[in-house]
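Chemist:
Number of protein chains: 4
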Amino acid sequence: MEGVRAMTGQLRADAKRNRDQILAAARELLVNQGVGVPMEEIARHAGVGVGTLYRRFPDRVALLRALSVHTVEHMTELARSALRTEPDAWSALSHFVRECVALRLGALRSIVDPQLHTALHQSDEVRSARKELLRIVEQMIITAQADGSMRTDVGVVDVAMLVSLHLKRPFDVPGTMPEELDARLTQLMLDGLRPASASPLPGKPIALADVDWHGDR
Amino acid sequence: MEGVRAMTGQLRADAKRNRDQILAAARELLVNQGVGVPMEEIARHAGVGVGTLYRRFPDRVALLRALSVHTVEHMTELARSALRTEPDAWSALSHFVRECVALRLGALRSIVDPQLHTALHQSDEVRSARKELLRIVEQMIITAQADGSMRTDVGVVDVAMLVSLHLKRPFDVPGTMPEELDARLTQLMLDGLRPASASPLPGKPIALADVDWHGDR
Amino acid sequence: MEGVRAMTGQLRADAKRNRDQILAAARELLVNQGVGVPMEEIARHAGVGVGTLYRRFPDRVALLRALSVHTVEHMTELARSALRTEPDAWSALSHFVRECVALRLGALRSIVDPQLHTALHQSDEVRSARKELLRIVEQMIITAQADGSMRTDVGVVDVAMLVSLHLKRPFDVPGTMPEELDARLTQLMLDGLRPASASPLPGKPIALADVDWHGDR
Amino acid sequence: MEGVRAMTGQLRADAKRNRDQILAAARELLVNQGVGVPMEEIARHAGVGVGTLYRRFPDRVALLRALSVHTVEHMTELARSALRTEPDAWSALSHFVRECVALRLGALRSIVDPQLHTALHQSDEVRSARKELLRIVEQMIITAQADGSMRTDVGVVDVAMLVSLHLKRPFDVPGTMPEELDARLTQLMLDGLRPASASPLPGKPIALADVDWHGDR
DNA sequence: GATGAATGAGCCTTCATTCAT
DNA sequence: CATGAATGAAGGCTCATTCAT
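Chains as they are written, first to last, in the UniProt record's numbering: chain A, 1 to 217; chain B, 1 to 217; chain C, 1 to 217; chain D, 1 to 217.
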């Protein structure tokens, strides 16, 4: 029984609850205060001791990695659900992107320290979660390009990198920017991906197959 | 004499040299290593002792502020020069944006800590430097919109915020992304600002006059 | 029944097995990794949870004490057996010493923290186990001195302290020292105890009766 | 000037004083409390802040290394001086050994953690200091063996390892052991090195040339 | 009883800033 | 003035021990 637990990643009920609380706390604090948040503050926020946090995630990088995977998986669900609900591929893509932005799913875009950034992505779990997401998005793109609703000189990686620029929570002095700013910027970005606007781009479309290390969350 | 010097912001030649070396070192290290760089490393890189650094800039925030002003002033020069050289307003704007991206003028976009971010902008010097830049860019925009080469539902602040998203140095695992990626993303963004692509935006254009705290560097 | 069990130090079979496994694990890890080994690692090595370890030994000192007693008792058996097997007292003594060294019976000589060391010896069990051992060794010595095979200006405590110096596992860069080193050093020590070599010693022979706190394990 | 300072290992007067105080404090605390002493306590004892300690010695291992070199150099002086003062090689050797024991020059023999031990000796400075010492001692030994005052079946490394066993400060409950104990044990050891006592040793004499990693302080 | 999760005190180390030389 | 030494607060992490399951 214990063995099965370990294999399937099951944890004792309370341990699982703690783990989830920690991830939630980390996510919130990261969004609001940047990657620098003290581990102790994350622990306190999650209602546990530091020791518990460290038992679950051996160090800061491990925590960020788990969070990263968690986020990417969330995005994958959103993408799948958009494909199901929306009438066509372009609507699905833009709906998906708007949701990601609105849900602030880019907490980890904040990571600006190169060591940390690299460490974060040296994880198969992170990489494979991202690859799965990108595969779905690539399908959306190919379909949208086929039916003429999207410019054809871009690949998933172009799109992923572009979108990821919009996923960083902007730390503006609160209240000085209109609510709709995020939505406006996102729409401007999406408009740039339409065929009508296409002006020549340097280089060639970058597809999933063209990079080793695939896009960024 | 000393008094005049102080008043006009003149410094003795070597002092000026020190100041410039420090700013250059800070800029380089910030770009390459993120905002975490120790003051001592900046000093070493600049070839001075920490003491000297602190004499010039009372604390870390002051240094970052100075760097911010310096960068914005650099951008202002680029904008002016683009207006002079380019045939029309839209070319000027896009040329200017491409230059900023290429020169990695967004080192401080890296700042992700909200306290720090706020502190940075609580400076009249920073604010007025930015206001000056935005005034010029606003002129470009208005002209470009008047001659039909730019969509009319955006304001400077929209554009500034959008551009600023592209100014952050992307910390990718080195060598995995094609050289042209930055240029491609920039072009996609510019294409989104063209009239051909315009789809309805939520809210209204945000102009310089619409915000208290004006855009972001 | 339970009462009798408790009194006679009997434990249920599995409990006894646990206890022994823990002691064995502790001994091995102590020998190989120094006194710093985490309790949790000892438990894991013994194939039990920490909880079990703590049920058996209320704290780290208690564990070390038990180990100490265990070791001393082992030495006592070796001494007795040597007396039975060897033709004379000196052979018995030297055989016994060589065995102790070879079996690395000095794991706890590693204890270098004075608080810990003191705590360890503030235990009647430890003290009486050691006293028993020393009584036997004292017999060997007296007999050997009487038949002229050992110098007469030393007492058990001298010998015990001397031997104990050789019981610490030497942490050398593995493989750089010849296998026989331990045996060579032990022999050099034994040779120093022979009458032929005797040169005057400061002070007087220290016998069991001369000290309060008797020798060292 | 500064350059010269760096090259010759010269420090500003106050810095040098601090460095010495730190080494002295470390030595004392190590002798009395084992290698576990908190860095902070060493700093306090030396009358400086932790920061200062860490500026001088980047980490605990560096401090221990410095101390090790310092000690070995001290021993080297003692050995040289003994050679000068004593009438013959054997007297020089035994005088030297007695002095080392009396001065408690074995604080670092306390190091029982194998990682730490290894780390300590992965230092050219430590190794070359030790090699120099061992060369001198080897001379003493060869000469003493030549004039018949020392058994001929041992090499420096044998002697060094043997002596090093006696250099660890014994942590006995204070006051329970007679003052002369150390001197008695040392004498017993020296007697074992005399020709009169020689009984056959397993293996062959281990000389400086026979090991890669040379003895242990 | 056994297990391993949770706790938190404590040590190590870094770095912004101050101050003696 | 420039320098770099000193300081100490703050954060990361470990591990002995307790306690819920």
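Yeah, the Cβ is synthetic: ideal placement off N, Cα and C, and Gly gets one too.
Please read these numbers as outputs of a predicted model, since none were measured by experiment.
1) So with Cβ pairs under 9 Å, would you call Met161/A a contact of chain B?
2) State the DSSP-derived secondary structure class of Phe57/D, mapped to helix, strand or coil.
3) With burial defined as no fewer than 16 other Cβ atoms inside 10 Å of the residue's Cβ, what is the status of Gln145/A: buried or exposed?
4) If we cut at 9 Å on Cβ distances, does Leu208/B have a partner in chain A?
5) Under a CB-based cut-off of 9 Å, is Met140/C close to chain D?
6) Does the beta carbon of Gln33/B sit closer than 9 Å to a beta carbon anywhere in chain A?
7) Would residue 218/C and Leu208/C qualify as a contact pair, given that the criterion is a beta-carbon distance under 9 Å?
8) Name, please, each residue of chain B whose Cβ falls closer than 7 Å to the Cβ of Pro202/A.
9) Would you call the CB atoms of Ala82/D and His95/D closer than 9 Å?
10) Glu41/A to Leu162/C, Cα distance in whole Å?
11) Around the C-beta of Ser68/D, are 16 or more other C-beta atoms found within 10 angstroms, so that it is buried, or is it exposed?
12) From the DSSP output, in three-state form, read off Gly47/B for me.
13) Tell me, please, whether the CB atom of Leu193/C is closer than 9 Å to any CB atom in chain D?
14) In chain C, what lies closer than 7 Å to Gly36/D by C-beta?
15) Do you know how far the Cα of Leu29/C is from the Cα of Ile22/C?
16) Go ahead and label Gly3/B buried or exposed: buried means 16 or more other beta carbons lie within 10 angstroms of its beta carbon, across all protein chains shown.
17) Would you decide whether Met7/A is buried or exposed? Buried here means 16 or more other CB atoms lie within 10 Å of its CB.
18) To the nearest angstrom, how far is it from the Cα of Met140/A to the Cα of Ala92/A?
19) Going by beta carbon distance, what residues of the same chain come within less than 7 Å of His74/A, once the five residues before and after it are set aside?
20) Give every residue of the same chain whose Cβ lies closer than 6 Å to the Cβ of Leu201/D, excluding the five residues on either side of it in the sequence, and list them in chain order.
21) Determine the chain C residues that contact His166/D at a beta-carbon separation under 8 Å, and present them in chain order.
22) Excluding the 5 residues preceding and the 5 following Arg65/D in the sequence, name in chain order all residues of the same chain whose CB lies nearer than 8 Å to its CB.
23) Anything in chain C within Cβ reach of Met189/D, meaning under 9 Å, just list it in chain order.
24) Can you pull the chain B neighbours of Asp59/A, defined as C-beta to C-beta under 7 Å?
25) Using only the alpha-carbon positions, how far apart do Val190/C and Val50/A sit?
26) Kindly give me the distance between the Cβ atoms of Ala13/C and Ala46/C, rounded to whole angstroms, as I take these residues to be in contact under 8 Å.
27) For Thr8/C, name the three-state secondary structure that DSSP assigns.
28) Below 9 Å between beta carbons: does that hold for Leu188/C and Val101/C?
29) What does the alpha-carbon distance come out to for the pair Arg44/B and Ala62/D?
30) Have a look at Val37/D, Glu77/D and Gly203/D and flag the residue whose alpha-carbon is nearest the alpha-carbon of Leu108/D.
31) Measure the CB-CB distance between Ile206/A and Arg184/B and report whether it falls below 9 Å.
32) Hey, how far is the Cα of Leu53/D from the Cα of Met39/D?
33) Name the chain B residues whose beta carbon is nearer than 9 Å to that of Ala82/A?
34) Within the segment 94-178 of chain A, note down every full alpha helix (DSSP H) run reaching 4 residues or more, in order along the chain.
35) How about Ala160/A and Ser197/B: do their beta carbons lie closer than 9 Å?
36) For Arg5/D, count the other beta carbons within 10 Å of its own beta carbon; 16 or more makes it buried, fewer makes it exposed. Which is it?
Modeler: By the coordinates alone:
1) yes
2) coil
3) buried
4) no
5) no
6) yes
7) In the structure as shown, chain C begins at 1 and stops at 217. Residue 218/C is therefore absent and cannot be evaluated.
8) Glu180, Ala183 and Arg184
9) yes
10) 54 Å
11) buried
12) coil
13) yes
14) Asp113
15) 10 Å
16) Bear in mind that a pLDDT of 43 at Gly3/B, under 50, signals an unreliable position, so the number given afterwards is only what the model happens to contain. Label assigned to Gly3/B: exposed.
17) Interpretation of Met7/A is limited by its pLDDT of 40, a score under 50 that renders its predicted location unreliable; the figure taken from the coordinates is listed afterwards. Exposed, because fewer than 16 other Cβ atoms sit within 10 Å of the Cβ of Met7/A.
18) 7 Å
19) Leu105
20) Asp153
21) Leu165
22) Leu120, Ser123, Glu125 and Val126
23) Leu162, Leu165, Leu188, Met189 and Gly192
24) Simply none; closest approach about 17 Å.
25) The displayed chain sequence assigns Leu, not Val, to residue 190/C. Taking the straight line from one Cα to the other gives about 54 Å.
26) Actually they are not in contact, since the Cβ atoms of Ala13/C and Ala46/C sit about 16 Å apart, beyond 8 Å.
27) Its pLDDT being 43, under 50, Thr8/C is placed unreliably in this model, and the coordinates cannot settle the point.
28) no
29) 23 Å
30) Val37/D
31) yes
32) 8 Å
33) The premise fails here: Ala82/A is roughly 18 Å from chain B at the closest Cβ pair, so nothing lies under 9 Å.
34) 114-121, 124-146 and 156-165
35) no
36) Below a pLDDT of 50, predicted positions are generally treated as unreliable, and Arg5/D, at 45, falls in that range; no measurement from the model is reported.
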